[in-house]
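In what follows, a structure is listed as structure tokens, so that the remarks can point back to it.
Residue numbers (this note's numbering): 38 to 210.
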């Protein structure tokens with residue numbers, strides 16, 4: 038007869054060995070790690086979707102928007118880790134802005150009718166500013182990658198002291 042502690046010990050050893058293989062293979066193969074992160078994000082989204090329930094209520098839509106925004110952020114973060122490019126970081130910023138937008142719009146839908154229009158416009162304005170900021174940062178990163186950051190440094194302007202009006206008045210005749 039097998040001893041129960043030996044079975045548990047063998048099981049835990051197998052699990053630990055499996056975890057070690059997964060961790061080591063992720064360090065060696067970034068693409069495989071990316072795929073795992075995306076699959077995990079999908080699973081987390083499905084769990085959140087089940088937790089949100091069903092229906093067409095503002096709470097349900099907000100719950101789904103939060104889960105979807107989290108999934109987008111996770112995938113964008115994994116993409117940045119995989120590619121490490123200015124384009125990936127730009128896409129990450131845009132995805133974060135998009136996630137914030139869908140959550141904000143669903144929060145607006147939960148407000149009183151007379152507040153919804155103003156709330157939506159504010160959410161869209163925030164989104165436009167974030168996307169615009171992402172474009173500026175991307176352009177700056179592109180310029181820095183080409184080596185022109187140092188050449189574009191803004192020189193300090195030295196301003197001479199200006200005499201007060203009283204001193205000027207004494208000079209005039």
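Where is the CB? At the ideal position from N, CA and C, for every residue including glycine.
Give a yes or no on whether the C-beta atoms belonging to residue 115 and residue 143 are separated by under 8 Å.
Working through the chain shown from its first residue, we reach residue 115 at position 78. Working through the chain shown from its first residue, we reach residue 143 at position 106. No.
I'd like to know whether the C-beta atoms of residue 146 and residue 132 end up nearer to each other than 8 Å.
Position 109 of the chain shown, counted from the first residue, corresponds to residue 146. Position 95 of the chain shown, counted from the first residue, corresponds to residue 132. At least 8 Å separates the beta-carbon of residue 146 from that of residue 132.
What separation, rounded to the nearest whole angstrom, lies between the Cα atoms of residue 153 and residue 159?
By one-based count along the chain shown, residue 153 stands at place 116. By one-based count along the chain shown, residue 159 stands at place 122. Straight-line Cα distance between these residues: approximately 10 Å.
Taking Cβ positions, are residue 105 and residue 71 nearer each other than 8 Å?
Counted from its first residue, the chain shown places residue 105 at position 68. Counted from its first residue, the chain shown places residue 71 at position 34. No, the pair does not count as a contact, with Cβ atoms beyond the cut-off.
In three-state terms, what does DSSP make of residue 69?
Taking the first residue of the chain shown as position 1, residue 69 is located at position 32. Helix.
When DSSP labels each residue in this structure, what does residue 121 get in the three-state scheme?
As a position in the chain shown, residue 121 is number 84, starting the count at 1. Looking at residue 121 - three-state DSSP - the assignment turns out to be coil, as it is neither helix nor strand.
Check for me: the alpha helix (DSSP H) holding residue 182 runs from which residue to which?
Residue mapping note: residue 182 aligns to position 145 of the chain shown, counting from 1. Element bounds for residue 182: 150 to 182.
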